[in-house]
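Heads up: take any position in the sequence shown, counting from 1, add 580, and you land on this note's numbering.
All C-beta atoms in this analysis are idealised placements derived from N, C-alpha and C, irrespective of residue type, glycine included.
Since the structure is predicted, the reported quantities are computational estimates derived from the model, not experimental observations.
One structure is given here, and the rest of the page talks about it.
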Amino acid sequence: MSEIVEGARESEGARERADGRERGGRARARPGTASGGALRGAARAVRRSAAFWYAVAVLLVVGVWQGIIVVAGTPDYLLPSPRQVLSAMAEYREPLLSEGLVTLGEILLGFAISAVAGIALAVPIAFSRAVERLAYPLLVMSQAVPKIALGPLFIVWFGFGLTTNVVIAVSVAIFPVIVNTALGLSSIDPDLVRLGRSMGASRWRLFRLVRLPTALPSVLAGLKVASTLAVIGVVVGEFIVGGAGLGYLTISASGNQNVPLLFACVICLAVLGVAVFAVLDLLERVLLRRHAVARSRG
581 MSEIVEGARE SEGARERADG RERGGRARAR PGTASGGALR GAARAVRRSA
631 AFWYAVAVLL VVGVWQGIIV VAGTPDYLLP SPRQVLSAMA EYREPLLSEG
681 LVTLGEILLG FAISAVAGIA LAVPIAFSRA VERLAYPLLV MSQAVPKIAL
731 GPLFIVWFGF GLTTNVVIAV SVAIFPVIVN TALGLSSIDP DLVRLGRSMG
781 ASRWRLFRLV RLPTALPSVL AGLKVASTLA VIGVVVGEFI VGGAGLGYLT
831 ISASGNQNVP LLFACVICLA VLGVAVFAVL DLLERVLLRR HAVARSRG
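Put into structure tokens, the structure is as follows:
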């Protein structure tokens with residue numbers, strides 16, 4: 581009997597030692613698992629980041645570009661290589677920088693005016709059916725007319741220079757701001773408005789605390805679209821007016837048959853447009869996140 585008891589104790593001790601080793605192995609494995617999960621999470625964050633996908637898009641475009649040159653044997657005067665364009669950017673870096681700053685200033689000014697004026701004009705459209713019915717046909721007609729056809733008229737009114745370029749940019753970029761803001765302000769749940777009125781909230785308080793936060797995603801979407809349209813409007817103005825800016829430098833490079841510089845100007849314009857859009861996209865993420873946190877707390 582004692583031998584059986586001792587054997588049972590020894591087997592139990594062996595099982596306990598085996599369980600201890602297994603638990604220790606799992607405990608030692610956890611840090612590796614955690615670090616692996618952290619690495620996978622970091623990889624997912626990189627893949628989800630906008631910068632990663634911008635880099636992938638640039639590499640894809642450059643690869644296709646170089647592939648066309650190699651396969652089709654396109655001559656340099658029609659399609660210069662990426663290396664030639666980079667060389668042109670280095671050679672003409674001073675005019676590209678100076679004219680790029682002029683264009684950037686016009687873009688920011690045109691976008692700012694479009695944002696402020698567009699939101700201000702959208703408020704009465706959202707609150708008055710009569711104003712909406714009167715304003716929308718005028719807005720549609722203003723967008724149906726090609727801005728390049730209005731360029732000579734703007735030159736007569738505002739002369740040559742920055743003002744005409746900014747006016748053309750505003751005429752192009754203001755439309756999505758008005759439409760998206762008016763849509764966002766008028767698409768609010770009526771029950772929220774009735775609830776606020778029953779609690780004694782004034783129209784201004786309802787607008788500030790209910791309508792505007794609800795319309796925020798639509799407003800920001802309109803501003804993002806307007807940022808790209810402002811770039812187009814400014815370049816059209818610089819094509820027509822001339823004198824300064826990347827648009828003027830593009831026309832000058834085309835006239836001189838300097839195709840690498842022409843491509844360099846186009847790339848700089850694309851970089852400006854993407855930069856302005858990326859800033860607005862970041863602003864949208866921050867504001868919407870704060871709005872979501874405020875709603876969850878309130």
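With distances taken from CA atoms, which of the options is nearest residue i?
i	options	result
F740	A872, V821, V636 and G802	V821
P793	A844, F819 and I768	I768
Y823	R865, T743 and V757	According to the sequence shown, residue 823 is Gly rather than Tyr. Selected option, being the one with the closest Cα: T743.
V750	G680, S807 and C848	S807
A695	V644, I648 and V805	V805
L902	A762, L786 and Q837	Since the displayed the chain opens at 581 and closes at 878, residue 902 lies outside it and no answer follows.
I693	E674, E679 and A753	A753
F707	L733, L658 and L763	L763
G813	F632, R774 and T683	T683
E679	L860, A858 and L841	L841
I748	R783, L796 and E686	E686
L524	L800, R777, V757 and V815	What is shown of the chain runs 581 to 878, which leaves residue 524 out entirely.
P732	V816, F691 and A702	V816
P797	R788, G827 and N760	N760
A795	L639, S766, L658 and V811	S766
P756	A702, L689 and F734	A702
I758	I699, W737 and F734	I699
Y657	A872, V736 and N838	N838
W645	W633, R663, Y634 and A635	R663
F691	L639, L803, E674 and L826	L803
G825	P770, E674, V854 and R783	E674
G880	A715, L688, N745 and V638	An answer regarding residue 880 cannot be provided, because it is not within the stretch 581 to 878 covered by the chain.
Y634	E864, S778, A858 and A872	A858
V638	A872, E864, R870 and V854	V854
Please classify residue i as buried or exposed, where buried requires at least 16 other C-beta atoms within 10 Å of its C-beta.
i	result
V642	exposed
P704	exposed
R791	buried
E671	exposed
L849	buried
N836	exposed
F843	buried
E590	Annotation note: pLDDT 47 at E590 (below 50); position unreliable, no value reported.
L862	exposed
V856	buried
I648	exposed
L860	buried
E818	buried
V866	exposed
L677	exposed
L852	buried
L809	buried
F734	buried
V736	exposed
V811	buried
P660	buried
P770	exposed
Which ranges does the alpha helix (DSSP H) cover as unbroken runs of at least 4 residues, wholly within the region 643–689, from first to last along the chain? 662–671
Quick check: the region 723–743 against the region 659–675, are there 3 or more CB pairs under 8 Å? no
I want to know whether the region 710–724 touches the region 821–841 - three or more CB-CB distances under 8 Å. No: the two stretches stay apart, fewer than three of their Cβ pairs being nearer than 8 Å.
Any contact of the region 643–654 with the region 704–714, i.e. 3+ C-beta pairs under 8 Å? no
Note down, one range per segment and in chain order, each beta strand (DSSP E) of at least 3 residues found wholly within the region 813–841. Here no run is fully enclosed.
Could you pull out every unbroken alpha helix (DSSP H) segment of at least 4 residues lying fully inside the region 752–812, listed in chain order? 770–778 and 783–786
What are the uninterrupted segments assigned as alpha helix (DSSP H) that are 4 or more residues long and contained completely in the region 687–738, given in chain order? 709–724 and 727–738
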